[in-house]
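Everything on this sheet refers to the single structure shown next.
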Amino acid sequence: MAAWGRFQRKIHVLNPKQVRKFKEAYSDLPKNDWVDAFVIADHLRFGRINREVYMDDYRYKALQTLTRARFDVIQNLTREKQRFANYLFLKCSGMAQDKDIQNTSATTIALMEQFETVDDLANANLDELTVFIDEKGRNFADPAAKAKAIRSAARDSYRLPVTVNNSVNQAMAVSIASIRALEKQVKVLDKAIEHQFEIIPNTLTSIPGIGKVYSAGIIAEIGDIHRFESQASVAKYAGLVWNRNQSGDFEAEHSRMIKSGNRYLRYYLLEAANSVRRCDSEFRRYYNLKLKEVNKYQHKRALALTARKLVRLVFRLLKDNRLYIPPEG
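For the sequence shown, counting from 1, position 274 maps to 274 in the working numbering; every step adds exactly one.
This is the structure we're talking about:
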């Protein structure tokens with residue numbers, strides 16, 4: 001390896017999925033090391049080579065390690081909350097099916113810890129339940145109405161046998177402990193990300209609602225913005241691109257987003273877009289406009305298109321190294 005030091009090396013990472021698809025054009029090739037090398041070389045001969053790896057600046061790599069770790073923890077937290085929601089349906093099906101009651105809120109978790117059975121909750125004193133919800137919920141405008149709704153949902157719930165109910169309580173306790181542990185990990189990683197992010201100059205935090213963590217997640221994956229020729233290149237790298245489905249006179253009304261792309265960058269762009277559309281009037285207007293265009297998958301579609309709009313802003317701010325100036329009105 002020392003002999004390679006005198007060469008000016010450039011590292012390019014191949015996407016194995018692309019190479020595998022390319023190999024399918026050769027219907028009779030066997031599987032061995034020589035053939036694999038031949039297919040890779042032939043693939044490169046067509047000029048389909050990715051840009052060189054940019055990680056010469058280890059500040060980005062250090063930040064990327066933290067932001068990707070946070071992504072993994074968030075995915076685990078989402079799965080654990082879904083598991084808790086499943087247990088909630090078993091223990092108190094009425095609450096789980098009520099759209100006005102959040103399945104994994106702090107209040108719901110506290111209620112499941114406080115009451116052993118659904119009958120205990122259904123027969124709880126309304127005044128005491130109201131005080132409990134007011135203490136745990138903090139943000140409820142009318143805790144008395146919420147207490148009535150919860151008690152009503154409990155009375156409409158299916159009753160489990162005692163043995164099954166005890167098992168559900170034990171499994172639910174483990175799930176609650178996991179949720180709280182994962183939430184603590186997110187807070188620890190957020191602090192570490194904010195600390196590491198301070199040494200990287202950027203202008204993304206000037207966008208209302210985006211914050212340091214989401215900015216760090218975006219910049220850690222993009223790296224040097226000059227690697228990308230246009231905002232469309234960034235969008236394709238993130239997987240925020242829709243395939244066209246057309247044949248003859250037929251043009252599909254609905255198009256699907258591509259499944260490839262950098263999932264970490266796509267996640268942070270979507271989360272940032274969801275936050276920005278609440279804080280910025282221009283993005284809020286755009287989101288609401290896209291929300292009304294269709295009847296299916298309204299939020300997901302509107303959020304993805306808002307994230308695509310955010311890509312254009314991110315690219316321009318980083319390219320020109322300037323701050324975001326919100327539109328007037």
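For glycine and all other residues, C-beta sits at the position ideal for the given N, C-alpha and C.
As the structure is a prediction and not an experimental result, all values here were calculated from the model.
Q | Nearest to A85 (by Cα), restricted to the options R284, Y237 and D98 | A | D98
Q) Looking only at its own chain, which residues have a Cβ that is under 8 Å from the Cβ of A69, when we skip the five neighbours before and after it? A) L189
Q.
Could you compute how far the alpha carbon of D320 sits from the alpha carbon of A141?
A. 45 Å
Q) Alpha carbon to alpha carbon, what distance is there between K91 and E116? A) 9 Å
(Q) I'd like to know whether the C-beta atoms of Y60 and S206 end up nearer to each other than 8 Å. (A) Result no, Cβ atoms of Y60 and S206 do not sit closer than 8 Å.
Q) In whole angstroms, what is the alpha-carbon distance linking A192 and A62? A) 10 Å
Q | Nearest-angstrom Cβ-Cβ length linking S178 and E80, presumed shorter than 8 Å | A | Their Cβ separation, rounded to whole angstroms, is 5 Å, which keeps S178 and E80 in contact under 8 Å.
Q. Among R256, P327 and E221, which has the Cα closest to the Cα of Y268?
A. E221
(Q) For chain B, check one thing: does any of its Cβ atoms lie closer than 8 Å to the Cβ of A41? (A) Included in the structure is just one protein chain, with no chain B present.
Q: For the alpha helix (DSSP H) holding C92, just list the boundary residues, first then last.
A: Premise fails: C92 is in no alpha helix (DSSP H) and is neither H nor E.
Q.
Here's the rule I'm using: 16 or more other beta-carbon atoms within 10 Å means buried, otherwise exposed. How should A122 be labelled?
A. buried
(Q) Taking 8 Å as the cut-off, does the stretch 304 to 318 touch the stretch 229 to 238 (at least 3 CB pairs, one atom from each stretch)? (A) yes
**Q.** Anticipated Cβ contact below 8 Å, L318 with I200, distance rounded
**A.** About 11 Å separates the two Cβ atoms, so there is no contact after all.
Q | At least 3 beta-carbon pairs within less than 8 Å: the stretch 30 to 38 vs the stretch 267 to 284 | A | no
**Q.** Bridge partner(s) assigned by DSSP for W242
**A.** M257
Q) In three-state terms, what does DSSP make of T163? A) helix
**Q.** Residue closest to S157, alpha-carbon to alpha-carbon, out of N15, D134, E271 and D120
**A.** D120
Q) Of the choices A273, V294 and K300, whose alpha-carbon is the least far from that of R312? A) Of the listed residues, the one whose Cα sits closest to R312 is A273.
Q: Please check the pair K148 and L126, which I expect to be a contact at CB under 8 Å, by giving their CB distance rounded to whole angstroms.
A: 7 Å
Q) What does a CB cutoff of less than 6 Å around Y287 pick up in its chain, not counting 5 residues either side in sequence? A) R277, A302 and T306
Q. In whole angstroms, what separates the C-alpha of Q298 from that of I133?
A. 32 Å
Q) Taking Cβ to Cβ, would you say I74 is nearer than 8 Å to V186? A) In this structure, V186 lies closer than 8 Å to I74 by Cβ.
Q. From A144, F71, T65 and I150, pick the residue whose C-alpha is nearest to that of Q102; which is it?
A. I150
**Q.** Among V314, K259 and M257, nearest to V234 - alpha-carbon criterion
**A.** Ranked by Cα distance from V234, the first of V314, K259 and M257 is V314.
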